[in-house]
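Using the working numbering, you'd call the opening residue of the sequence shown number 1 and step up by one each time.
For each residue, glycine too, the CB sits at the ideal point set by N, CA and C.
Just so we're clear, the structure is a prediction, and the values are computed from it rather than from any experiment.
All remarks here apply to the structure that follows.
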Amino acid sequence: MKLCARLSASLALIIGGLVAQSVYAAPPADRPVTIEQLLQQPRYRAVDFSPDGAWLAVESGSRTRSREIRLVDQASGRTIPLDHDERDARIAGWSPDGRYLAYAVDSGEPLMETLWIWDRQTGRSRAIEGAFIRGWRVRWFSDSRRLVAVAWPEGEKPMVASDGAATDAAGPQLRSNAFQPPFTRSPTTGASLHVFRANLPASASVQGNRAAMTPGAVHRCNEGQVGRCDIAVFHVEEGRIQRIARNVAAGYFHAPAPDGSAVAYAAFAGRDIRGTQENLYDLHLVDLASREDRILVPGAAVSGSSTFSWSPDGRFIAFPAARASEGNRVKEPLASIAIAPVAGPAPVLLELPDGQAVTGTESILWSADSSTVYAVGIDGGIWAARRDGRGARQVAAVDGVRLQHVVTPNEQDFVTSGQLWVTGGEPGAGSGLFAINAAGSARALIDPARGRLDTLDIDARYRRIVYAAGQGQTPQRLHSWSAGPPVRLPQDEPLAEVRFGQAQTINWRNAEGQELAGALLLPPTYRPGQRLPLVVWVYGGKMGSEAVDLFGFAGSGDPMANMQLLATRGYAVLFPDAPQRVGQPLADLVANVIPGVDALVAQGIADPTRVAAMGHSYGGYSVLALLTHSDRFRAAVITSPGHPDLLAMTLRLNDNGNSGERWTESGQGLMGVHYWQDPDLYRRNSPIHFFDRIRAPLLIGQGALDTIGPDGANATFVALRRLGQPVEYRVYEGEGHSLYRPASIIDFWNRRLEFLAEHLDIARDEMGRVILDRSNVRSLRSAGLGPSGEAGRSE
Numbered sequence: 001m002k003l004c005a006r007l008s009a010s011l012a013l014i015i016g017g018l019v020a021q022s023v024y025a026a027p028p029a030d031r032p033v034t035i036e037q038l039l040q041q042p043r044y045r046a047v048d049f050s051p052d053g054a055w056l057a058v059e060s061g062s063r064t065r066s067r068e069i070r071l072v073d074q075a076s077g078r079t080i081p082l083d084h085d086e087r088d089a090r091i092a093g094w095s096p097d098g099r100y101l102a103y104a105v106d107s108g109e110p111l112m113e114t115l116w117i118w119d120r121q122t123g124r125s126r127a128i129e130g131a132f133i134r135g136w137r138v139r140w141f142s143d144s145r146r147l148v149a150v151a152w153p154e155g156e157k158p159m160v161a162s163d164g165a166a167t168d169a170a171g172p173q174l175r176s177n178a179f180q181p182p183f184t185r186s187p188t189t190g191a192s193l194h195v196f197r198a199n200l201p202a203s204a205s206v207q208g209n210r211a212a213m214t215p216g217a218v219h220r221c222n223e224g225q226v227g228r229c230d231i232a233v234f235h236v237e238e239g240r241i242q243r244i245a246r247n248v249a250a251g252y253f254h255a256p257a258p259d260g261s262a263v264a265y266a267a268f269a270g271r272d273i274r275g276t277q278e279n280l281y282d283l284h285l286v287d288l289a290s291r292e293d294r295i296l297v298p299g300a301a302v303s304g305s306s307t308f309s310w311s312p313d314g315r316f317i318a319f320p321a322a323r324a325s326e327g328n329r330v331k332e333p334l335a336s337i338a339i340a341p342v343a344g345p346a347p348v349l350l351e352l353p354d355g356q357a358v359t360g361t362e363s364i365l366w367s368a369d370s371s372t373v374y375a376v377g378i379d380g381g382i383w384a385a386r387r388d389g390r391g392a393r394q395v396a397a398v399d400g401v402r403l404q405h406v407v408t409p410n411e412q413d414f415v416t417s418g419q420l421w422v423t424g425g426e427p428g429a430g431s432g433l434f435a436i437n438a439a440g441s442a443r444a445l446i447d448p449a450r451g452r453l454d455t456l457d458i459d460a461r462y463r464r465i466v467y468a469a470g471q472g473q474t475p476q477r478l479h480s481w482s483a484g485p486p487v488r489l490p491q492d493e494p495l496a497e498v499r500f501g502q503a504q505t506i507n508w509r510n511a512e513g514q515e516l517a518g519a520l521l522l523p524p525t526y527r528p529g530q531r532l533p534l535v536v537w538v539y540g541g542k543m544g545s546e547a548v549d550l551f552g553f554a555g556s557g558d559p560m561a562n563m564q565l566l567a568t569r570g571y572a573v574l575f576p577d578a579p580q581r582v583g584q585p586l587a588d589l590v591a592n593v594i595p596g597v598d599a600l601v602a603q604g605i606a607d608p609t610r611v612a613a614m615g616h617s618y619g620g621y622s623v624l625a626l627l628t629h630s631d632r633f634r635a636a637v638i639t640s641p642g643h644p645d646l647l648a649m650t651l652r653l654n655d656n657g658n659s660g661e662r663w664t665e666s667g668q669g670l671m672g673v674h675y676w677q678d679p680d681l682y683r684r685n686s687p688i689h690f691f692d693r694i695r696a697p698l699l700i701g702q703g704a705l706d707t708i709g710p711d712g713a714n715a716t717f718v719a720l721r722r723l724g725q726p727v728e729y730r731v732y733e734g735e736g737h738s739l740y741r742p743a744s745i746i747d748f749w750n751r752r753l754e755f756l757a758e759h760l761d762i763a764r765d766e767m768g769r770v771i772l773d774r775s776n777v778r779s780l781r782s783a784g785l786g787p788s789g790e791a792g793r794s795e
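Here it is, written out as structure tokens:
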């Protein structure tokens, strides 16, 4: 309650006359950041101005506190907390007239939310009876009395585990074939897990009573892309629900026509047979008068089903149609502009000159008169094209900046201002906001040097902005802009007194002479000449140097991946560029990453005898690739790893009928051919065939409900156990591909820190910091200390 009160008082200052002030009460200390502090750090997930700019809705929460929504009256500064039954709540959108704010509240069932409405005239909130929706944004009709959303079928609920936890924020579901070892409850962290160990010295084990878990069937609306849900129109004032499509594999797009006569929605239809790895969606149109449901565009290949957009006159729907890419993978999907006439016939593709393409992850926006569309180009500029296909041209570009996202009030699909407001920046150098006029001239409203913009909204008159931003050594904070320099808003900050590690970029060359870079995080107390233990955080295909402006390399996202937990304890952390080519992803990982480690050793920053590797998901595969082809590493930690055998990954069959061959052949696996065309290629790029070379002890973390599957973690553990290599495998009950529950995160981070200290031979002080004797790490073994640094302790 104290936290809520402080946040309420802070948000009351989000008004026209903002006062800048420091929130630091004392100089930062050298205490390392704790896992609990990171879990308590507020994350501002959404800010949303009402259409008239009179109210601002702010959605915030943390891993230890439910998400809440507070409304701030922009005239008086009065703050109103919305009712949400102490469950997670999220903003779903303002009605066009600004009278209603729709928001969704967690029902306690996985992926099921209740729809609530706040009425500006009465100042009260109410739930719409029977309105259970699937957690995506709702779309209002122009009459402000109806909205459309993905709804659960009538009377249906998902099955859940006996402890009520069957899902996390990423959406894994409880399945009858979930990995179910006998779980025990940790008496110290409360995490429910099972630990497999092989060929490791004795260590403290998890004690406690077994937590029973009853597998159950999952309702079809839980099933992600193939889940069968309804599309429903909710009549706000009557409380009536009108189901206009039943039992469909609903995507993220569902929106009424501008005149309210029809609703368009996207339904998942499979994967792109061209091998782009994009999903296919059938674009449906439902006439509300006749209830006719017809497919307007069959099998549209798009990077996201939220990228369809109505023209203001209601005659067309635009979307970025995915292109097949040849050769090396690109950082973002290539697309062409597609225009689908509502009355038919087939969509028209608007090609850009000189082979240019637009990004497939951004919606196509319309001009107010429906004659022109705007799109973000792969080249980092803004492109415009006439609807009839003539006159496609680049209308805006900013020197040294990649433009990324056109911002519109209330996420509308068309541009009403005489200028475009666009976010942009260079990878690793922050992102700012630029105003671009009709002549293509740009001016910076928010300088990219201030950090990386995250959550953002503008008022309808393009006069005010509220946004959240952070930097490599600064967590996400809320700011406001109105004509002058941005102002940091007072807010609760559990990390205010922590001095964080400093992020910088380092450069090296691989054996082919290619210049590469990496983001390097150093302890806040680091002095040149100190040789530090080094952790290499790696993910194949990613350019790690671009994360230098993300707080702890994770931003406001996953605390499992926040490397400040290591840097504030005395570790150096490297996130290297790891480009990969078709046919040689494993060799490229080794060739590009190891020289970066060598460079840090040569510069005297890294202790060559204390280097570890860590990675998540495909980063787990990346770590296994490095361990099998380099003796540089003394320990490694992976979570939810990709399968170390590419043939096994190819033959993996999901219960929705999808299999792994597209992933291995044309996706992240980068094989380029199927297994039977070149079996040796698959073998050379499958780390499991070289596991007998691994000497570094390995710690594995895995969620039992990972919908991608624990196959990779299981295979890695079994193989290393059989080979007599030291390995520990921790499986967490009720968790998905990423650990989400605070108890699980705390448990794994605690073990991760202990594991690194044990196997890198690091003595630590009472706060868990690395102890240096002059400029070198003190040996844990020679000091006779346990992993915590306590004298006399042994494992």
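Taking the C-alpha atoms as reference points, what is the distance between Ser-371 and Phe-49? Sequence index remark: in the sequence shown, residue 371 carries index 371 (1-based). Sequence index remark: in the sequence shown, residue 49 carries index 49 (1-based). Ser-371 and Phe-49: Cα-Cα distance of roughly 28 Å.
List the whole-angstrom C-beta distance separating Pro-256 from Asp-282, where the pair is believed to meet the contact cut-off of C-beta under 8 Å. Stepping through the sequence shown from its first residue, residue 256 is reached at position 256. Stepping through the sequence shown from its first residue, residue 282 is reached at position 282. Contact flag wrong, Cβ pair sits at about 18 Å.
Nearest residue (CA-CA) to Gln-605, options Thr-664, Leu-627, Ile-506 and Gly-540: Indexing the sequence shown from 1 puts residue 605 at position 605. Looking at the sequence provided, one finds Ile at residue 605 rather than Gln. For Ile-605, the nearest C-alpha among the options comes from Ile-506.
Are Thr-628 and Gln-702 touching if we call contact CB-CB under 8 Å? Walking along the sequence shown from the start, residue 628 turns up at place 628. Walking along the sequence shown from the start, residue 702 turns up at place 702. Note that the C-beta distance between Thr-628 and Gln-702 is not below 8 Å.
Label Ser-782 either buried or exposed according to how many other C-beta atoms from any shown protein chain fall within 10 Å of its C-beta, with 16 as the threshold for buried. Counting from one through the sequence shown, the residue named residue 782 turns up at place 782. Classification of Ser-782: exposed, given that the 10 Å Cβ count is below 16.
What are the complete beta strand (DSSP E) segments, minimum 3 residues, inside the stretch 31 to 77? 43 to 49, 55 to 62 and 65 to 73
Ala-578 vs Ser-617 beta-carbon contact at 8 Å: Translated into positions along the sequence shown, residue 578 becomes position 578. Translated into positions along the sequence shown, residue 617 becomes position 617. No, the Cβ-Cβ distance between Ala-578 and Ser-617 is not below 8 Å.
So which of Thr-359, Arg-78, Gly-541 and Ser-66 has the shortest CA-CA distance to Trp-55? Here residue 55 refers to the residue found at position 55 of the sequence shown. Per the Cα distances, Arg-78.
Proximity below 8 Å, CB of Asp-143 to CB of Gly-239: Position 143 of the sequence shown holds residue 143. Position 239 of the sequence shown holds residue 239. Their beta carbons are not under 8 Å apart, which means Asp-143 does not touch Gly-239 by this criterion.
Please report the straight-line C-alpha distance between Ile-244 and Glu-362, rounded to a whole angstrom. In the sequence shown, counting from the first residue as 1, residue 244 sits at position 244. In the sequence shown, counting from the first residue as 1, residue 362 sits at position 362. It is roughly 27 Å from the alpha-carbon of Ile-244 to the alpha-carbon of Glu-362.
Between the Cα of Ala-289 and the Cα atoms of Ala-191, Thr-307, Gln-242 and Tyr-682, which residue gives the shortest distance? On the sequence shown, position 289 is the one that residue 289 refers to. Closest option to Ala-289, Cα to Cα, is Gln-242.
Can you round the beta-carbon distance between Phe-551 and Ala-519 to whole angstroms, since I take them to be within the 8 Å contact cut? Residue 551 sits at position 551 when you count from the first residue of the sequence shown. Residue 519 sits at position 519 when you count from the first residue of the sequence shown. Their Cβ separation, rounded to whole angstroms, is 12 Å, which puts Phe-551 and Ala-519 out of contact at 8 Å.
Would you say the stretch 678 to 697 touches the stretch 729 to 739, given that touching needs at least three Cβ pairs under 8 Å? no
In whole angstroms, what is the alpha-carbon distance linking Pro-475 and Gly-190? Start at 1 with the first residue of the sequence shown, and residue 475 comes out as number 475. Start at 1 with the first residue of the sequence shown, and residue 190 comes out as number 190. Taking the straight line from one Cα to the other gives about 27 Å.
How would you label Gln-121, buried or exposed, when you count the other beta carbons within 10 angstroms and need 16 or more for buried? Start at 1 with the first residue of the sequence shown, and residue 121 comes out as number 121. Per the 10 Å Cβ criterion, exposed.
Can you name the residues that DSSP bridges to Asn-562? Translated into the one-based positions of the sequence shown, residue 562 becomes position 562. Looking at the DSSP output, Asn-562 shares a beta bridge with no other residue.
For Thr-664, three-class secondary structure by DSSP: Here residue 664 refers to the residue found at position 664 of the sequence shown. Note: Thr-664 maps to helix in three-state DSSP.
Cα-Cα separation, Leu-565 to Trp-136: Your numbering for residue 565 matches position 565 in the sequence shown. Your numbering for residue 136 matches position 136 in the sequence shown. For Leu-565 and Trp-136, the distance between alpha carbons rounds to 32 Å.
Do Gln-471 and Gly-451 have their C-beta atoms closer together than 8 Å? Translated into the one-based positions of the sequence shown, residue 471 becomes position 471. Translated into the one-based positions of the sequence shown, residue 451 becomes position 451. Yes. Within cutoff.
For Leu-753, three-class secondary structure by DSSP: By 1-based counting over the sequence shown, the position of residue 753 is 753. Correct three-state label for Leu-753: helix.
Grouping DSSP H, G and I as helix and E and B as strand, with all else coil, what is Ile-337? Along the sequence shown, one-based indexing puts residue 337 at 337. Reduced to three states, the DSSP call for Ile-337 is strand.
Sub-8 Å separation of Val-150 and Ala-250 beta-carbons: As a working note, residue 150 is residue 150 in the sequence shown. As a working note, residue 250 is residue 250 in the sequence shown. Yes. Within cutoff.
Taking 8 Å as the cut-off, does the stretch 401 to 410 touch the stretch 420 to 439 (at least 3 CB pairs, one atom from each stretch)? yes
Taking 8 Å as the cut-off, decide whether the C-beta atoms of Ala-635 and Ala-696 are in contact. Counting from one through the sequence shown, the residue named residue 635 turns up at place 635. Counting from one through the sequence shown, the residue named residue 696 turns up at place 696. Cβ distance < 8 Å, so Ala-635 and Ala-696 count as in contact.
Mind checking Ile-746: buried by the 16 CB within 10 Å criterion, or exposed? Along the sequence shown, one-based indexing puts residue 746 at 746. Ile-746 is buried by the Cβ-count criterion.
Does the beta-carbon distance from Leu-453 to Tyr-467 come in below 8 Å? Within the sequence shown, numbered from 1, the residue matching residue 453 stands at position 453. Within the sequence shown, numbered from 1, the residue matching residue 467 stands at position 467. In contact: Leu-453 and Tyr-467 (Cβ atoms closer than 8 Å).
Suppose the cutoff is 6 Å on Cβ atoms and the five residues either side in sequence are ignored; what does the same chain contact list for Cys-229 look like? For the purposes of this step, residue 229 is identified with residue 229 of the sequence shown, where counting begins at 1. Taken in chain order, the residues that qualify are Arg-134, Val-150, Cys-221 and Ala-250.
Nonlocal neighbours in the same chain, by C-beta distance under 8 Å from Arg-477, ignoring five residues either side: To locate residue 477, count along the sequence shown from 1; it is residue 477. So the list reads Ala-468, Ala-469, Gly-470, Arg-488, Leu-489, Gln-491 and Glu-493, once near-sequence residues are dropped.
Where Ala-591 falls: helix, strand or coil (DSSP): Translated into the one-based positions of the sequence shown, residue 591 becomes position 591. In the structure shown, Ala-591 sits in a helix (DSSP, three-state: H, G or I).
Nearest-angstrom Cα distance between Leu-193 and Asn-714? The residue given as residue 193 occupies position 193 in the sequence shown. The residue given as residue 714 occupies position 714 in the sequence shown. One C-alpha to the other measures close to 15 Å.
Would a C-beta distance cut-off of 8 Å place Arg-87 and Asp-106 closer than the cut-off? On the sequence shown, residue 87 is found 87 positions in, with the first residue counted as 1. On the sequence shown, residue 106 is found 106 positions in, with the first residue counted as 1. Yes, these two residues count as a Cβ contact at 8 Å.
Expressed to the nearest angstrom, what Euclidean distance is found between the alpha-carbon atoms of Ile-80 and Ser-545? As a first step, residue 80 must be located in the sequence shown, where it is residue number 80. As a first step, residue 545 must be located in the sequence shown, where it is residue number 545. Their Cα atoms are separated by approximately 42 Å.
Coil, strand or helix - Arg-126 by DSSP: As a first step, residue 126 is located in the sequence shown; it is residue number 126 there, counting from the start. In the three-state reduction of the DSSP assignment, Arg-126 falls in the strand class, which pools E and B.
Would you mind giving the Cβ-Cβ distance between Arg-323 and Ser-336, rounded to the nearest angstrom? I have them listed as a contact below 8 Å. Numbered from 1 along the sequence shown, position 323 holds the residue referred to as residue 323. Numbered from 1 along the sequence shown, position 336 holds the residue referred to as residue 336. Their Cβ separation, rounded to whole angstroms, is 6 Å, which keeps Arg-323 and Ser-336 in contact under 8 Å.
Taking Leu-280 as the reference, which of Phe-268, Ser-76 and Leu-760 has the closest Cα? Numbered from 1 along the sequence shown, position 280 holds the residue referred to as residue 280. Taking only the C-alpha atoms, the option nearest Leu-280 is Phe-268.
Under the rule that 16 or more other beta-carbon atoms within 10 Å means buried, what is Gln-207, buried or exposed? Position 207 of the sequence shown holds residue 207. Because the pLDDT of Gln-207 is 25, which lies under 50, any placement of that residue in the model is unreliable, and the number read from its coordinates should be weighed accordingly. Gln-207 is exposed by the Cβ-count criterion.
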